[in-house]
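J.: In UniProt numbering, the protein residues as written are 1 to 210. Cβ atoms here follow ideal geometry from the backbone N, Cα and C, with glycine treated the same way. Predicted model only: the values in this text are computed from it and were never measured. I'd like to ask some things about the structure below.
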């Protein structure tokens, strides 16, 4: 996802306590996603468009694994999907984290509604507890496709070999791609929050978007 200079500055804000910069963490995440893209290109991971997801889940037995954080999942989700967030809210209230949260809110969170997050260290354990073994067919999805790419590579390296990736994420879906939904938002808009959500509601009211 493209970021402006200000947002990049926020993402690269250094943690004095750990000595690890958020820019470094973002670069690592991008590297993981790049490795997953190679898995997709090689055919080791099946790329599935949202419009084809229902057929793949029905005829091929793939189970939808939603890796979005809880607040996105609560806005809109596919009924019956497995929800295991890859990132979760960072509840640390230390002074350094609070300062980073303030910077994040000013540059990113206020506009997108996204909370300051950290990696779910138990992600693989949580997936293992939620699905029937590493032979399970998993179609991994998120809002826009990047977080699910990271999850795809983690799962593949952990021994899951029947992994699919929802290409472009739920943001590329349209009404009818998934039969049963829950939540108050359209699935493709569930990632949008903050001030951007207000603008979205105005556009919906004016019927500029649907």
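(1) Whose CA, out of 66, 42, 55 and 62, lies closest to the CA of residue 146?
(2) May I ask which residues mark the beginning and end of the beta strand (DSSP E) holding residue 164?
(3) Which residue's Cα is closest to the Cα of residue 126: 154, 168, 57 and 149?
(4) State whether the stretch 160-168 contacts the stretch 134-143, with contact taken as three or more CB pairs (one from each stretch) at a distance under 8 Å.
(5) Using C-beta distances below 7 Å, list every residue in its chain close to residue 134, excluding the 5 sequence neighbours before and after it, in chain order.
(6) Taking 7 Å as the limit between beta carbons, can you name the residues of its chain near residue 182, skipping five residues before and five after?
(7) Let me check one thing: in DSSP terms, what residues is residue 66 bridge-paired to?
(8) Classify residue 5 as buried or exposed, calling it buried when 16 or more other Cβ atoms lie within 10 Å of its own Cβ.
(9) Where residue 86 and residue 169 are concerned, what is the direct C-alpha to C-alpha distance, given to the nearest angstrom?
(10) Less than 8 Å separating the beta-carbons of residue 151 and residue 72?
(11) Measure the alpha-carbon distance for residue 185 versus residue 40 and round it to whole angstroms.
(12) Just reading off the alpha helix (DSSP H) that residue 56 is part of, what are its end residues?
(13) Skipping 5 residues on each side, what residues in its chain have a beta carbon closer than 7 Å to that of residue 130?
(14) For residue 17 and residue 124, what's the separation of their Cα atoms in angstroms?
(15) Residue range of the alpha helix (DSSP H) that residue 170 falls in?
(16) Relative to the C-alpha of residue 62, which candidate in 47, 74 and 157 has its C-alpha closest?
(17) In the structure shown, what three-state DSSP assignment does residue 191 receive?
(18) Output the distance between the C-alpha atoms of residue 35 and residue 128, rounded to the nearest integer angstrom.
T.: Straight from the coordinates:
(1) What you label residue 146 is simply residue 146 of the chain shown in a count that begins at 1. Closest option to residue 146, Cα to Cα, is 66.
(2) One-based indexing of the chain shown puts residue 164 at position 164. Unbroken beta strand (DSSP E) run through residue 164: 163-166.
(3) Within the chain shown, the letter at position 126 stands for residue 126. With distances taken between Cα atoms, residue 126 lies closest to 154.
(4) yes
(5) Here the question's residue 134 lines up with position 134 in the chain shown. Here the set comprises 159 and 160.
(6) As a first step, residue 182 must be located in the chain shown, where it is residue number 182. Closer than 7 Å at Cβ, skipping near neighbours: 77 and 79.
(7) Counted from its first residue, the chain shown places residue 66 at position 66. In the DSSP output, where bridge partners are listed per residue, residue 66 has 83 and 141.
(8) Residue 5 sits at position 5 when you count from the first residue of the chain shown. Because residue 5 sits at a pLDDT of 31, beneath the cut-off of 50, its placement in the model cannot be relied upon, and the following sentence gives the value as read from the coordinates. By the neighbour-count rule (16 or more Cβ atoms within 10 Å), residue 5 is not buried but exposed.
(9) By one-based count along the chain shown, residue 86 stands at place 86. By one-based count along the chain shown, residue 169 stands at place 169. Computed Cα separation, rounded: 14 Å.
(10) Here residue 151 is taken as the residue at index 151 of the chain shown, counted from 1. Here residue 72 is taken as the residue at index 72 of the chain shown, counted from 1. Not a contact, by the Cβ cut-off of 8 Å.
(11) Translated into the one-based positions of the chain shown, residue 185 becomes position 185. Translated into the one-based positions of the chain shown, residue 40 becomes position 40. Cα-Cα distance, rounded: 30 Å.
(12) The residue given as residue 56 occupies position 56 in the chain shown. 50-59 is the extent of the alpha helix (DSSP H) around residue 56.
(13) As a first step, residue 130 must be located in the chain shown, where it is residue number 130. Only 82 and 84 meet the Cβ criterion.
(14) Indexing the chain shown from 1 puts residue 17 at position 17. Indexing the chain shown from 1 puts residue 124 at position 124. Model confidence at residue 17 stands at a pLDDT of 32, short of 50, so the residue's coordinates are unreliable and nothing is read from them.
(15) For this step, residue 170 is matched to residue 170 along the chain shown. No alpha helix (DSSP H) contains residue 170, which DSSP labels as neither H nor E.
(16) Numbered from 1 along the chain shown, position 62 holds the residue referred to as residue 62. Taking only the C-alpha atoms, the option nearest residue 62 is 47.
(17) Position 191 of the chain shown, counted from the start, is the residue given in the question as residue 191. The answer is coil: DSSP assigns residue 191 none of H, G, I, E or B.
(18) For the purposes of this step, residue 35 is identified with residue 35 of the chain shown, where counting begins at 1. For the purposes of this step, residue 128 is identified with residue 128 of the chain shown, where counting begins at 1. Using only the alpha carbons, I get a separation of about 22 Å.
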